[in-house]
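**Q** My questions will all concern the structure given below.
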Amino acid sequence: MNPLLEKIALCVERGKVNMKSPYPPDLKGQEGADELAKRALDEGLSAKSILSEGLMVGMQKIGVKFRDNKVFVPDVLMAAKAMNAAMEHLKPYFASGEVQRKGTIIMGTVKGDLHDIGKKLVSMIFEGGGWEVIDLGVDVPAEKFLKALQERPTAAVGMSALLTTTMINMESIVREIKKTYPHVKVMVGGAPLTQDFAVKIGADAYSPDPQGALDYLNATLAA
Ligand code: B1M
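Residue numbers (our numbering): 996 to 1218.
The following block contains the structure:
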């Protein structure tokens, strides 16, 4: 693998945000995910490879350590911070091109769930694919989706959940949305979800990854 991408993965895994960050102590004074992502772009690496071969590799590694109780919440938070710092540089590439907006999608991580990295990533890919994204953030209840739809009744809705305990909240949110806006398309995603689950809760679409989600939007809803 490209050594720069390996370094970026390590920065995410270790929560090394930028050069100024004193954390982790053994990497003090060294470049972090922030500077390295910028350098990788300057050197001509694609935003896509920085994401999939650098950032996501690091996040996957910290995820395994977190699952195995080898690191704890603050370590994962630092990893998320490092990933977000790098993603700021990638954002313009995903959102590049003065592509005409194909429509609007309202995005949110569902009630009870604070994971926002995947949702942000999917949102970036949507923007890059020419969609306007209204990002409602995390811990989003049905009322907030409904309020956003009131302002944009022709928009689609995208929901994300990372916990088995919060994915079940999607069911009542989909029901509430469909009650008031039966025509609105609702798409769901997130690591613990499956196609079967999406069908069971009455969602219109499921995708395990951002590209599949974008393909669905383009195929069914593009103006
Ligand atoms: Co959390 N966490 N976490 N966490 N965390 C997981 C999800 C977990 C699998 C870790 C583990 O045990 N191995 C586990 C869930 C277990 C389960 O329910 N099955 C877990 C847990 C248990 C928890 C807490 C309960 C821990 C605790 O406090 N005891 C707690 C819950 C807090 C809450 O939400 N109420 C918690 C907290 C946290 C942090 C705050 C520390 C942090 C989040 C920081 C942040 O987001 N700002 C965090 C993180 C970072 C993770 C891991 C390590 C990484 C998640 C991530 O960002 N992945 C995660 C372990 C892992 O996944 N390896 C873990 C990268 C991201 C790009 O992937 O979000 O899956 P993902 O998105 C993908 C696809 O799913 C898809 O596209 C994206 C790109 O490919 N996708 C969509 C997502 N949304 C989509 C929508 C679509 C289509 C596709 O259409 C609309």
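Note that CB positions come from ideal geometry on N, CA and C, so glycine has one too. Computed from a predicted model, the values in this text were never measured in an experiment.
1. Which residues in the same chain have their Cβ closer than 8 Å to the Cβ of Phe-1121, if we skip the five residues on either side of it in sequence?
2. Within 10 Å of its beta-carbon, does Phe-1067 have 16 or more other beta-carbons around it, so buried, or fewer, so exposed?
3. Please report the residue range of the beta strand (DSSP E) in which Glu-1083 lies.
4. Glu-1038: buried (16+ other C-beta within 10 angstroms of its C-beta) or exposed?
5. Around the Cβ of Gly-1132, are there at least 16 other Cβ atoms within 10 angstroms (buried) or fewer (exposed)?
6. Using only alpha-carbon positions, find the residue among Ala-1042, Asp-1029, Asp-1108, Thr-1215 that is nearest to Ala-1074.
7. Can you name the residues that DSSP bridges to Asp-1191?
8. What residue from Ala-1193, Cys-1006, Ala-1186 has the CA that sits closest to Lys-1180's CA?
9. With a Cβ-Cβ cutoff of 8 Å, do Lys-1086 and Val-1012 count as a contact?
10. What residue from Tyr-1201, Lys-1060, Ser-1044, Thr-1104 has the CA that sits closest to Met-1082's CA?
11. Does Thr-1161 come out as helix, strand or coil in the three-state DSSP assignment?
12. In chain order, what residues of the same chain have a beta carbon less than 8 Å from the beta carbon of Lys-1106, not counting five sequence neighbours either side?
13. If you scan the region 1104-1143 from start to end, which runs of the alpha helix (DSSP H) of 4 or more residues do you find wholly inside it?
14. Using only the alpha-carbon positions, how far apart do Ser-1155 and Ala-1035 sit?
**A** Considering the structure as presented:
1. Taking the sequence shown and counting its residues from 1, the one referred to as residue 1121 is at position 126. Correct list, in chain order: Ile-1100, Met-1102, Val-1128, Gly-1153, Pro-1205, Ala-1208, Leu-1209, Leu-1212.
2. Here residue 1067 corresponds to residue number 72 of the sequence shown, with the count starting at 1. So Phe-1067 ends up on the exposed side.
3. Translated into the one-based positions of the sequence shown, residue 1083 becomes position 88. For Glu-1083, there is no enclosing beta strand (DSSP E); the enclosing alpha helix (DSSP H) covers residues 1068-1089.
4. Sequence index remark: in the sequence shown, residue 1038 carries index 43 (1-based). Exposed is the call here.
5. Counting from one through the sequence shown, the residue named residue 1132 turns up at place 137. Around the Cβ of Gly-1132, a 10 Å sphere holds fewer than 16 other Cβ atoms; the residue is exposed.
6. Against the sequence shown, residue 1074 aligns to sequence position 79. Checked all of Ala-1042, Asp-1029, Asp-1108, Thr-1215; the closest Cα to Ala-1074 is Asp-1029.
7. Start at 1 with the first residue of the sequence shown, and residue 1191 comes out as number 196. According to DSSP, which records beta bridges pairwise, Asp-1191 is partnered with nothing at all.
8. Here the question's residue 1180 lines up with position 185 in the sequence shown. Nearest option by C-alpha distance: Ala-1193.
9. In the sequence shown, the residue the question calls residue 1086 occupies position 91. In the sequence shown, the residue the question calls residue 1012 occupies position 17. Their beta carbons are not under 8 Å apart, which means Lys-1086 does not touch Val-1012 by this criterion.
10. Here residue 1082 refers to the residue found at position 87 when the sequence shown is read from its first residue. Comparing alpha carbon positions, the residue from Tyr-1201, Lys-1060, Ser-1044, Thr-1104 closest to Met-1082 is Ser-1044.
11. The residue labelled residue 1161 in the question sits at position 166 within the sequence shown. It is helical.
12. Here residue 1106 is taken as the residue at index 111 of the sequence shown, counted from 1. Cβ within range, chain order: Asp-1134, Val-1135, Pro-1136, Ala-1137, Thr-1161, Asn-1164, Ile-1168.
13. Whole alpha helix (DSSP H) segments, 4+ residues: 1112-1123.
14. For the purposes of this step, residue 1155 is identified with residue 160 of the sequence shown, where counting begins at 1. For the purposes of this step, residue 1035 is identified with residue 40 of the sequence shown, where counting begins at 1. Cα to Cα, Ser-1155 sits roughly 29 Å from Ala-1035.
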